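> Can you read through this structure? Questions will come right after.
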Amino acid sequence: MIIDHCDKTISIKIVYFGPALSGKTTSIKSLFSYFGKSEDVMSIESTVNRTLFFDYGTVTFQNQDWHLKLHIFTTTG
Numbered sequence: 027m028i029i030d031h032c033d034k035t036i037s038i039k040i041v042y043f044g045p046a047l048s049g050k051t052t053s054i055k056s057l058f059s060y061f062g063k064s065e066d067v068m069s070i071e072s073t074v075n076r077t078l079f080f081d082y083g084t085v086t087f088q089n090q091d092w093h094l095k096l097h098i099f100t101t102t103g
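So this is what it looks like as structure tokens:
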């Protein structure tokens, strides 16, 4: 977690990891779909739609003073 008092930003990194076919990519895609940002998930997939390296996306929230950035990653199983 990084707290930047000058920019009033809090950045948090969340990493999903686990065995193959445990739902990591499905979980991150569902999460981004819930927030209406499904196009913001970056994923490099193989020809059989399996993650090759990692999936990544950022969700941002803000109030009057502070910004919260969630950097969400999945790793391959």
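In terms of the working numbering, the sequence shown opens at residue 27 and continues consecutively. For each residue, glycine too, the CB sits at the ideal point set by N, CA and C. Note that the structure is predicted; figures quoted are calculated from it, not measured.
So, under 8 angstroms CB-CB, residue 85 and residue 55 are touching, yes? Tell me the CB distance rounded to an integer number of Å.
Not quite, the Cβ-Cβ distance comes to about 13 angstroms (not below 8 angstroms), so this is no contact.
> What separation, rounded to the nearest whole angstrom, lies between the Cα atoms of residue 102 and residue 79?
Taking the straight line from one Cα to the other gives about 6 angstroms.
> Using the C-alpha atoms, what's the distance from residue 81 back to residue 75?
About 12 angstroms.
> Give every residue of the same chain whose Cβ lies closer than 6 angstroms to the Cβ of residue 87, excluding the five residues on either side of it in the sequence, and list them in chain order.
For residue 87, where only same-chain residues beyond five positions count, the Cβ hits under 6 angstroms are 94.
> Which residue comes first and which comes last in the alpha helix (DSSP H) that contains residue 52?
Where residue 52 is concerned, the enclosing alpha helix (DSSP H) stretches over 50-60.
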